[in-house]
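A short worksheet on the structure shown next.
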Amino acid sequence: MSWISWMLPPGASTFAGDIDRIYYVILVITGIAFVVVEVGLVWFLIKYRARPGRTVIYTHGNNTAEVIWTSITAVTVVILGLMSAGIWNRIKGRDSVPANAMAIRVNVKQFEWNFVYPGPDGRFDTPDDFTRRNQLHLPVNQAVVVELMSEDVIHSFNIPAFRIKQDAVPGMHIRAWFQPTVTGEYELGCAELCGLGHYRMRAVVTVHSLEEYQRWLGEQSPTVASK
Amino acid sequence: MATIAPPVEPAVHALVDDRTFLRKYIFSTDHKIIGIQFLLMSLIFLLIGGILAMMMRWQLGFPGRPMPGGGLLPETMASGAVILPEFYASLVTMHGTFMVFFAIMPLLVGVFGNYLIPLKIGAPDMAFPRLNMASFWLAVPAGLLMIAGFFVEGGHAAAGWTGYAPLSANPEYTGVSAGQQLWCLSLIILGLSSILGAVNYISTVINLRAPGMTWFRMPLSIWSLFITAILVLLAMPILSGALIMLLFDQSLGTHFFLPADGGQPILWQHLFWFFGHPEVYILILPAMGMVSDIISNGARKPIFGYHSMVFAIMSIGFLGWVVWGHHMFQSGMNPTLGTTFMVSTMLISVPSAIKVFNWLGTLWGGSIKFTVPMLHACAFVAMFVIGGLSGVFMASPPLDMYIHDTYFIVAHLHYVLFGGSLFAIFGAITFWYPKMFGRMMSPRLGKLHFFLTFVFYNLVFFPMHQLGLQGHMRRIYDPSTYEFMKPLAGLNRFITISAFLLFASQLLFLVNFIGSWFRGRKAEPNPWDDTGLEWTTPSPPPHGNWAVTPRVYHPPYEFGSGRTAEDFLPQDRKLDTPPAPARAPASR
Numbered sequence: 001m002s003w004i005s006w007m008l009p010p011g012a013s014t015f016a017g018d019i020d021r022i023y024y025v026i027l028v029i030t031g032i033a034f035v036v037v038e039v040g041l042v043w044f045l046i047k048y049r050a051r052p053g054r055t056v057i058y059t060h061g062n063n064t065a066e067v068i069w070t071s072i073t074a075v076t077v078v079i080l081g082l083m084s085a086g087i088w089n090r091i092k093g094r095d096s097v098p099a100n101a102m103a104i105r106v107n108v109k110q111f112e113w114n115f116v117y118p119g120p121d122g123r124f125d126t127p128d129d130f131t132r133r134n135q136l137h138l139p140v141n142q143a144v145v146v147e148l149m150s151e152d153v154i155h156s157f158n159i160p161a162f163r164i165k166q167d168a169v170p171g172m173h174i175r176a177w178f179q180p181t182v183t184g185e186y187e188l189g190c191a192e193l194c195g196l197g198h199y200r201m202r203a204v205v206t207v208h209s210l211e212e213y214q215r216w217l218g219e220q221s222p223t224v225a226s227k
Numbered sequence: 228m229a230t231i232a233p234p235v236e237p238a239v240h241a242l243v244d245d246r247t248f249l250r251k252y253i254f255s256t257d258h259k260i261i262g263i264q265f266l267l268m269s270l271i272f273l274l275i276g277g278i279l280a281m282m283m284r285w286q287l288g289f290p291g292r293p294m295p296g297g298g299l300l301p302e303t304m305a306s307g308a309v310i311l312p313e314f315y316a317s318l319v320t321m322h323g324t325f326m327v328f329f330a331i332m333p334l335l336v337g338v339f340g341n342y343l344i345p346l347k348i349g350a351p352d353m354a355f356p357r358l359n360m361a362s363f364w365l366a367v368p369a370g371l372l373m374i375a376g377f378f379v380e381g382g383h384a385a386a387g388w389t390g391y392a393p394l395s396a397n398p399e400y401t402g403v404s405a406g407q408q409l410w411c412l413s414l415i416i417l418g419l420s421s422i423l424g425a426v427n428y429i430s431t432v433i434n435l436r437a438p439g440m441t442w443f444r445m446p447l448s449i450w451s452l453f454i455t456a457i458l459v460l461l462a463m464p465i466l467s468g469a470l471i472m473l474l475f476d477q478s479l480g481t482h483f484f485l486p487a488d489g490g491q492p493i494l495w496q497h498l499f500w501f502f503g504h505p506e507v508y509i510l511i512l513p514a515m516g517m518v519s520d521i522i523s524n525g526a527r528k529p530i531f532g533y534h535s536m537v538f539a540i541m542s543i544g545f546l547g548w549v550v551w552g553h554h555m556f557q558s559g560m561n562p563t564l565g566t567t568f569m570v571s572t573m574l575i576s577v578p579s580a581i582k583v584f585n586w587l588g589t590l591w592g593g594s595i596k597f598t599v600p601m602l603h604a605c606a607f608v609a610m611f612v613i614g615g616l617s618g619v620f621m622a623s624p625p626l627d628m629y630i631h632d633t634y635f636i637v638a639h640l641h642y643v644l645f646g647g648s649l650f651a652i653f654g655a656i657t658f659w660y661p662k663m664f665g666r667m668m669s670p671r672l673g674k675l676h677f678f679l680t681f682v683f684y685n686l687v688f689f690p691m692h693q694l695g696l697q698g699h700m701r702r703i704y705d706p707s708t709y710e711f712m713k714p715l716a717g718l719n720r721f722i723t724i725s726a727f728l729l730f731a732s733q734l735l736f737l738v739n740f741i742g743s744w745f746r747g748r749k750a751e752p753n754p755w756d757d758t759g760l761e762w763t764t765p766s767p768p769p770h771g772n773w774a775v776t777p778r779v780y781h782p783p784y785e786f787g788s789g790r791t792a793e794d795f796l797p798q799d800r801k802l803d804t805p806p807a808p809a810r811a812p813a814s815r
């Protein structure tokens, strides 16, 4: 029954821990609210069920009670908001992309991911660029910024293990960054309905150790630029 | 206002009903008949939406296996009884479209807005009865057009119920052309129908309240329907405008949402959700209002915090306009804007929490009678709490990055719209059925239906939270494509089987609804011992509702005050003794 669980699957990027932490904080807070309200509800339903001779407590309300539960809710959500805003800004804020991030262009179309690497010269739109379809290879512990461009409809770049999701919108050039922390193979899927092949728009992400990644890079030959 | 008319003449007038069958039941201008017409229409669409959901569940639980009865579908939908990916996209789209626009929205606004507003404020009919008739007779062709989409070449709309452009704007991307255009046309016509209805509700509430029915003597159901009507009036034109632009993109070669010549795909999302988030509250506010009526009645006690309930409805209605961007945190919208929308979204949880606590306060110290409507109303509170709390998760933009477009969202929205709205609707139908049809629904069948629905509903939707937490995306035709979803196959199958049982349980409601119409126990005028004005007229009420316009003396929920021999004080009963002074200011 491991799938009836409130735990998140293991994360494998630098900010996965932050996201998981805010998740568990919200889980605990909403969990407490859930138990208080549902237990209260069931308790009232049992305790105040109609019985012969019961007289009701005739009241139209209580302002103190209103103020208490309004302020508790308001304070709680303000705290959650403050916590979230900081993390959000660090992950997706305008200036959040680390300066040393390695850029990879992602050209998306129905129903494939094309990852364009700049090649040995480190620059795009030069003859040594190479493209890999539905295979993303990354070095571990290196910040990566994906530059998302869609040729047709909206797709969404989604690697659950890295806790990253970002729509790729035609006509827009959207950057999103993350930094893998654990070597291994992960799955990348499209998260935005993009047509009948949406469900099979899958790519494999391989996170290598630095040496392995260099070896892999060396094996790649430039592809004739598709555009 | 003249003094109360002598009862003889109007009574005769009300009883003589010389309308032909056609004018009385088909092209009727009577708000009660129109309400019942909306009820029958939207229950049919609820059934259609449910059948579409069952097909989706089959594919998710048993991917690639022939569906029982799938052989009846044409080759364009299922090949060898196995659902095709393109048809699955249409199923996803049309389940959402039918349920939101043709089932829940007309059930709440069309049915109960029409039926309850005049009866609860003491009006003979709507302010504009012919406009009201037009509203229904626009909804019918809209529904027929929407159904027609299944039978055109290329299949039905397949871009999701949210119709995100460019997928929806260019037929090349889905292979759907006529279906998507019918989808737009149908929703434009339905929008017109809703706007006509909203104008009517607003005018009626403002102008036709009976003498003594002050604003703060209106039941919460009427408050919520009134605020909802304002939301409908302001939101639907935005959708209609966006749909017209989308239709032009599809058929006339414009580029509002197509980037090739400078169009903006994200503009569609802004327009859609600027309508779409008020729409969410259109789908829940009337449910909250009617649940308040039923809970106060079931607890035999005034609603707790009437005024804060009204202000909560108003602030939800207002804040509902400034939260639309929380659907778009990951859309490429400026992330700073995301922070703004997070703040407004967090804020809107405050009035929702106020309502929940006030319902609990109403139950506290009551004498609770577990009638079928009351069971549904309590289930509404219990389920709405879950839907509300799960909403806090995606209100946090960084966490939304992980759960956006996963089954966590599917679980959340079904806890609000099924656990919330639909339980309220079942409760409200049972509660007002005797007024509508003059007969009681069977309580035994009703309770059985309630318990089975409650159990299977939770077995279907609760585990969807877990699917989402494991990263399971929405709108995925075959979950076994992904390695990380493969361990979830068992859970998916469990949900599917529960969904079939949930669907089967609804047959009990169908049997009860139709059977009671003919064979139910005859209902007296006030079977629930309620205080509302609608219970002071016969069941069902005659054309014109009252022989004499009622006069209102009391707030809406006077249960258990001890001022009458019964435990309730109808709003229109004049008492000689003034209320005890100690109690009067308690409500602030």
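Residue numbers (the numbering used here), protein chains in the order written: chain A, 1 to 227; chain B, 228 to 815. Note that the Cβ used here is the ideal one computed from N, Cα and C, for glycine as well.
Close Cβ partners of residue i (< 6 Å) along its chain, the five nearest in sequence each way excluded
i       : result
S306(B) : none
L266(B) : V338
G565(B) : F556, P624
Q220(A) : F130
A16(A)  : R163
A392(B) : F484, P492, W495
Test item: CB-CB of residue i and residue j under 9 Å
i       : j       : result
W500(B) : F483(B) : no
G468(B) : Y508(B) : no
P486(B) : I540(B) : no
G615(B) : S576(B) : yes
A191(A) : S156(A) : yes
M268(B) : P345(B) : no
M667(B) : I656(B) : no
S84(A)  : L626(B) : yes
L696(B) : P706(B) : no
Residue closest to residue i, alpha-carbon to alpha-carbon, out of the options
i       : options                            : result
S732(B) : Y684(B), P578(B), D803(B), W755(B) : Y684(B)
W177(A) : T14(A), R132(A), M7(A), I4(A)      : T14(A)
A405(B) : T791(B), L796(B), P345(B), S317(B) : S317(B)
Y634(B) : D244(B), H497(B), M691(B)          : M691(B)
H639(B) : V426(B), G665(B), S617(B)          : S617(B)
A350(B) : Q697(B), L249(B), I511(B), H258(B) : H258(B)
W551(B) : L473(B), K347(B), A462(B)          : A462(B)
R436(B) : D520(B), W285(B), M353(B), F254(B) : M353(B)
I415(B) : L473(B), I433(B), Y428(B), I449(B) : L473(B)
G176(B) : L372(B), G787(B), M283(B)          : It is not possible to answer for residue 176(B), since the shown part of chain B is limited to 228 through 815.
L686(B) : S362(B), I724(B), G698(B), W450(B) : I724(B)
7 Å Cβ shell around residue i - same chain, five flanking residues per side excluded
i       : result
W216(A) : H137, H208
I159(A) : Y186, L188, V205
T183(A) : V140, V207, H208, S209
I203(A) : Contrary to the premise, residue 203(A) reads as Ala rather than Ile in this sequence. Result list for A203(A): W113, N134, Q135, L136, L188, in chain order.
Neighbourhood of residue i by C-beta, 8 Å cutoff - its chain only, sequence neighbours within 5 removed
i       : result
V608(B) : V518, I522, V583, W586, L587
F124(A) : A103, R105, V116, P118
W744(B) : F664, R666
Amino acids of chain A, ordered along the chain, whose beta-carbon sits closer than 7 Å to that of residue i
i       : result
F683(B) : Ordered by position in chain A, no residue passes the 7 Å Cβ test against F683(B), which lies about 17 Å from the chain.
I595(B) : L45, Y48, R49, A50
V570(B) : G81
Check: residue i C-beta below 8 Å from any heavy atom of the ligand MG
i       : result
L796(B) : Judged by which ligands are present, the structure shown has none, so any question about the ligand MG falls away.
Proximal chain B residues relative to residue i, where beta-carbon distance stays under 7 Å
i       : result
Y199(A) : P312, I703, Y704, D705, T708
M172(A) : G559
A74(A)  : V577
F178(A) : Those within 7 Å of F178(A) in chain B number zero; the least Cβ separation is about 10 Å.
Chain B contact residues for residue i, given Cβ-Cβ distances below 8 Å
i      : result
G93(A) : P562, T563
Contact residues within the stretch 572 to 583 of chain B, judged by C-beta distance below 8 Å to chain A: M573, L574, S576, V577, A580, I581, V583
According to a CB-to-CB cut-off of less than 7 Å, which residues of the stretch 696 to 716 of chain B neighbour chain A? L696, Q697, G698, M700, R702, I703, Y704, D705, T708, Y709, E710, F711, P714, L715
Residues in the stretch 618 to 632 of chain B having any Cβ partner in chain A nearer than 7 Å: V619, F620, S623, P624, P625, L626, M628, Y629, H631, D632
Using a Cβ-Cβ cutoff of 8 Å, what residues of the stretch 48 to 70 of chain A are near chain B? List them in chain order. Y48, R49, A50, R51, R54, T55, V56, I57, Y58, T59, H60, G61, N62, N63, A65, E66, W69, T70
Just by C-beta distance, which residues in the stretch 642 to 656 of chain B are closer than 8 Å to chain C? Structure shown: chain C not included; protein chains present are A and B.
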